[in-house]
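Residue 0 is where the sequence shown starts when you use numbering that gives the first Met the number 0, and the numbers rise one by one after that.
First up is the structure itself, then whatever we jot down about it.
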Amino acid sequence: MTLDLANLLQTSIQKRNQFNYEHQVAVRPEEGLRIAYVGLNVSLAQLADLMGWFKLGEAKPAARSEELLKAYIGVLDHAFQVAAKQTWSHLIVMKPSDLDNLKNKRPAKSLSQQYLSILHFIDQSYFDRQQMAFQHAWHLILKLGFVDLGLTDDQIQTAYLNQGES
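Here it is, written out as structure tokens:
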């Protein structure tokens with residue numbers, strides 16, 4: 000099965016809208032955008048913390064694969080929210096051949112460089128409203144999941160669609 004990014008994006012938007020309706024959440028659009036970006040930044044930092052590659056000289060707790068998958072799903076969800084609020088949903092959906100190209104990339108030589116690059120592109124997409132910067136960040140996020148974390152389409156899709164059900 001190929002990852003159905005359009006379905007995951009729509010699911011994310013629907014869940015967010017339902018939550019906002021049920022909890023009567025109302026914020027100005029610009030504040031909602033800022034909140035989405037902060038959420039993306041924090042979820043990426045939480046994933047990095049779980050991966051722990053940067054914790055030199057520290058005892059690294061062994062993160063279970065389920066924890067890493069859950070944290071990665073959080074990053075995807077926040078990326079979907081940013082794309083929706085920026086009206087950049089078209090950047091999320093990718094052809095199967097483009098996804099395959101990402102899956103065939105080499106693992107990062109430096110996860111620190113990859114992490115900082117993602118943050119840089121996310122910041123550019125917010126502060127300079129650069130769609131291409133968001134697209135670069137999105138591709139690096141997907142590559143991180145597929146290549147560096149070794150996740151499969153099925154694992155990601157199943158975990159994303161089943162989040163909150165346990």
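Glycine included, each C-beta is placed from N, C-alpha and C at the ideal position.
Treat the numbers as computed from the prediction; the structure is a model and nothing was measured.
Nearest-angstrom Cα separation, counted from residue j out to residue i
i, j, result
"residue 6", "residue 16", "15 Å"
"residue 84", "residue 44", "21 Å"
"residue 165", "residue 107", "Its pLDDT being 48, under 50, residue 165 is placed unreliably by the model, and the measurement read from it follows with that caveat. Distance between the alpha carbons of residue 165 and residue 107 is about 33 Å."
"residue 103", "residue 71", "19 Å"
"residue 123", "residue 12", "23 Å"
"residue 157", "residue 27", "33 Å"
"residue 153", "residue 33", "31 Å"
"residue 24", "residue 64", "33 Å"
"residue 37", "residue 0", "32 Å"
"residue 86", "residue 56", "43 Å"
"residue 88", "residue 29", "17 Å"
"residue 149", "residue 39", "21 Å"
"residue 4", "residue 159", "11 Å"
"residue 98", "residue 141", "8 Å"
"residue 114", "residue 19", "30 Å"
"residue 127", "residue 22", "32 Å"
"residue 9", "residue 66", "24 Å"
"residue 96", "residue 31", "33 Å"
"residue 174", "residue 105", "Residue 174 falls outside the range modelled here, since the chain spans only 0 to 165, and no answer is possible."
"residue 125", "residue 61", "34 Å"
"residue 77", "residue 139", "14 Å"
"residue 48", "residue 145", "18 Å"
"residue 120", "residue 58", "31 Å"
"residue 73", "residue 118", "16 Å"
Among the options, nearest to residue i - alpha-carbon criterion
i, options, result
"residue 161", "69, 63, 0", "69"
"residue 137", "61, 32, 116, 156", "116"
"residue 130", "154, 153, 81, 113", "81"
"residue 135", "152, 90, 63, 95", "90"
"residue 79", "52, 133, 66", "133"
"residue 53", "144, 112, 143", "112"
"residue 101", "155, 75, 143", "143"
"residue 147", "92, 93, 46", "46"
"residue 155", "110, 75, 92, 118", "75"
Residue span of the alpha helix (DSSP H) that contains residue i, given as start and end
i, result
"residue 15", "4-21"
"residue 133", "130-142"
"residue 38", "28-50"
"residue 158", "152-161"
- Message: Going residue by residue through the stretch 53-119, where are the continuous alpha helix (DSSP H) segments of at least 4 residues, counting only ones entirely within it?
- Response: List check, alpha helix (DSSP H) in window: 64-84, 95-102.
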